[in-house]
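Asker: Handing you this structure, nothing more for now.
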Amino acid sequence: MSLSTAPDAAGELPVQQPSRITLAGGCFWCTEAVFDRVEGVLDVRSGYANGQVEHPTYEAVCTGRTGHAEAVQVAYDPERIALQDLLAIFFATHDPTTPNRQGHDVGTQYRSGIYWHDEAQGEAVRAFVADLAAARTYGASAIVTELAPLTAFWPAEPEHDDYFALHPEQGYCAVVIAPKVEKFQRAMTRFLKKN
Numbered sequence: 170m171s172l173s174t175a176p177d178a179a180g181e182l183p184v185q186q187p188s189r190i191t192l193a194g195g196c197f198w199c200t201e202a203v204f205d206r207v208e209g210v211l212d213v214r215s216g217y218a219n220g221q222v223e224h225p226t227y228e229a230v231c232t233g234r235t236g237h238a239e240a241v242q243v244a245y246d247p248e249r250i251a252l253q254d255l256l257a258i259f260f261a262t263h264d265p266t267t268p269n270r271q272g273h274d275v276g277t278q279y280r281s282g283i284y285w286h287d288e289a290q291g292e293a294v295r296a297f298v299a300d301l302a303a304a305r306t307y308g309a310s311a312i313v314t315e316l317a318p319l320t321a322f323w324p325a326e327p328e329h330d331d332y333f334a335l336h337p338e339q340g341y342c343a344v345v346i347a348p349k350v351e352k353f354q355r356a357m358t359r360f361l362k363k364n
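Numbered per this note's numbering, the sequence shown spans residues 170 to 364.
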């Protein structure tokens, strides 16, 4: 959906909502830290996607019994960044071949997943992943990323928002998130926000 359109008959611009995609790439602190730096991304919200429990808490999701994935909901301007570019960034910044884990983070809540918001996105996501598989991007390893429509997204508790930005010296941030962000910034400079 376009964010800028022509004025209506009364001369007013209609308010357009940004496009959204929900991505699960392990710990949501990591995924949020990457997408916060992407040009054309308007907002990144950490939360819990596609589980069976309403209003889940971080503690409940960490048990692995709610069915949720730690995820981020990315609001973006498709006139400034394409969905395919967001998917390329997503696949470049996590391992989509390890079921229910990213590094030392293990559990169903850390699964790789892409949850689309409409069927056009779903078609684009499936085609993108099929192209990665056909190109044998990950060698003999299969892509195990869960591909599904978004059925529910519950925002995480406020203390998880901007976690890396607020706690860069915290152990997990320094050892796990910082290297991931630095790798992204070196490898994909064309996607960085221009501040």
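Heads up, the beta-carbon is just placed ideally off N, CA and C, and yes, glycines get one too.
Note that the structure is predicted; figures quoted are calculated from it, not measured.
(1) Going by other Cβ atoms of all chains shown within 10 Å of its Cβ, with 16 needed for buried, is GLN253 buried or exposed?
(2) Within its chain, find whatever has a CB closer than 7 Å to the CB of THR323; leave out the 5 residues flanking it on each side and keep chain order.
(3) Just reading off the beta strand (DSSP E) that ALA240 is part of, what are its end residues?
(4) Are at least three pairs of beta-carbons, each pair with one atom in the region 306-319 and one in the region 262-282, less than 8 Å apart?
(5) If you reduce the DSSP assignment to three classes, tell me which class THR368 lands in.
(6) Return the chain-ordered list of same chain residues with a C-beta closer than 6 Å to the C-beta of TRP285, the five sequence neighbours on each side being excluded.
(7) Nearest by alpha-carbon distance to VAL243: which of GLU201, TYR279, CYS342 and VAL275 is it?
(8) Locate the alpha helix (DSSP H) running through ASP283, then write down its first and last residues.
(9) Put ARG270 into one of helix, strand or coil per three-state DSSP.
(10) So, are the CB atoms of TYR245 and PRO187 less than 8 Å apart?
(11) Helix or strand or just coil, what does DSSP make of PRO348?
(12) Out of VAL213, ILE190, TRP198 and VAL222, which has the shortest C-alpha to C-alpha gap to ALA251?
(13) Starting from VAL203, follow the alpha helix (DSSP H) in both directions and report where the run begins and ends.
Answerer: Taking the coordinates as given:
(1) The residue is exposed, with fewer than 16 neighbouring Cβ atoms inside 10 Å.
(2) Here residue 323 turns out to be Trp, not Thr, going by the sequence shown. The residues are GLY216, TYR217, HIS224 and PRO225.
(3) Note, ALA240: beta strand (DSSP E), 238-245.
(4) Of all C-beta pairs linking the region 306-319 to the region 262-282, three or more are shorter than 8 Å, placing the two stretches in contact.
(5) What the structure shows of the chain is the stretch from 170 to 364, and residue 368 is not part of that stretch, so it cannot be assessed.
(6) These residues qualify, in order along the chain: GLY291, VAL294 and PRO318.
(7) Ranking GLU201, TYR279, CYS342 and VAL275 by Cα distance to VAL243 puts GLU201 first.
(8) The question names Asp, yet the displayed sequence has Ile at residue 283. No alpha helix (DSSP H) contains ILE283, which is instead part of the beta strand (DSSP E) from 281-285.
(9) ARG270: strand per DSSP, three-state reduction.
(10) At the C-beta level, TYR245 and PRO187 come within 8 Å of one another.
(11) For PRO348, the three-state secondary structure derived from DSSP is helix.
(12) Of VAL213, ILE190, TRP198 and VAL222, the residue nearest in Cα terms is ILE190.
(13) In the DSSP assignment, VAL203 falls within the alpha helix (DSSP H) that extends over 197-204.
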